[in-house]
Amino acid sequence: MTEERPKRKRGQEEEGQPMGILLRPIKFIFRNIAWVLVFLLGAGMVILVTNNPISQGISQIFNPTYDVTGTVVLERIQALSQLTTTRYNYSSIITSERELPPILAGLYGDSLVLVAVGHVVAGVDLSQLDAEDVRVSGNVIDVVLPPPTLFDCFLNESQSYIVERSTGLFAAPAPELDAGARRFAVQQFRNSALNEGILEAAQQQAEQVIVELFQLSLPEATVNITPTAPDPEAPFPTSCQ
């Protein structure tokens, strides 16, 4: 036997519907409380991030503040010593021979032809700077540079070679002739570099490096460079003698 269940008419309320009506205000209250909690949590996070040392450090990266002092400037410039050098490369053909009367040259003479390759390095030794050479006034930095000097004269033995050697009938190759040719080549490189203005180029290089340093790290600073002329009486380094 089949029972026919009564159909609910459209608009007719189901049993228990009044309880749903009572729950609506409660749901509304809980929904508002949730929004209040979200607001309070967000405000707390803002306060936490604002007072957090890590976040303050990140803020300083993107919004840096600069503390320009004479000591800081001096240390930064001294650290550039190896970046302010100028190098000139050379190659030359050197002829060296033993001085003898022509009548004896064929018997005891000794001569050679050397292809010499090397370079000369000059620069400004920024490690010589002291506190008196650096003045800081607000955003203005005044620097007095030491004079440029030769740093090194180098003969590249791996690229230098003897292309010709001739000795007399009764002569043996003299080692001092070879050494003298190499020493003369280094002196020739040194003199050529000085005549071509290597010291002036090294001075300009040092000025450029220092200015670029502070343009990057202290873009608001004005850098004034006072160069010192090369000392004509300054001794050459051992490698350039």
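Under our numbering, the residues of the sequence shown are numbered 45 to 285, in order.
Beta carbons are placed, not taken as given, at the ideal position from N, Cα and C, and that holds for glycine.
Small disclaimer: the values here were computed from a predicted structure and weren't measured.
Judged by DSSP secondary structure, Asn268 falls within the beta strand (DSSP E) whose first and last residues are 266-270. Comparing C-alpha distances from Tyr205 to each of Ser236, Thr211, Glu220, Ala225 shows the shortest one belongs to Ala225.
When C-beta atoms of the stretch 129-147 are compared with those of the stretch 229-244, three or more pairs fall below 8 angstroms, so the two segments count as touching. Between Asn183 and Glu264, the C-beta spacing is below 8 angstroms. The three-state reading of DSSP puts Leu194 in strand, counting E and B together.
For Asn133, the uninterrupted beta strand (DSSP E) segment begins and ends at 129-141.
One alpha carbon belongs to Glu220, the other to Thr130, and they sit about 32 angstroms apart. Nearest C-alpha to Asp169 among Pro217, Pro145, Ile254, Tyr152: Ile254. Spatial neighbours of Ala229 in its own chain (CB-CB distance under 8 angstroms, excluding positions within 5 residues in sequence) are listed in chain order as Ser136, Ile138, Leu158, Ala160, Gly162, Leu199, Ser204. Boundaries of the beta strand (DSSP E) harbouring Gly162: 154-167, taken from the DSSP string. Distances from the alpha-carbon of Gln122 to those of Ser155, Leu148, Ala175 put Ala175 closest. Boundaries for Glu244: no beta strand (DSSP E) harbours it, while the alpha helix (DSSP H) harbouring it runs 242-261, taken from the DSSP string. Assignment of Leu118 by DSSP, reduced to helix, strand and coil, places it in the helix class. Leu148 sits in a helix when the DSSP states are folded into three classes. In the structure shown, Ser171 falls within a helical segment according to DSSP collapsed to helix, strand and coil.
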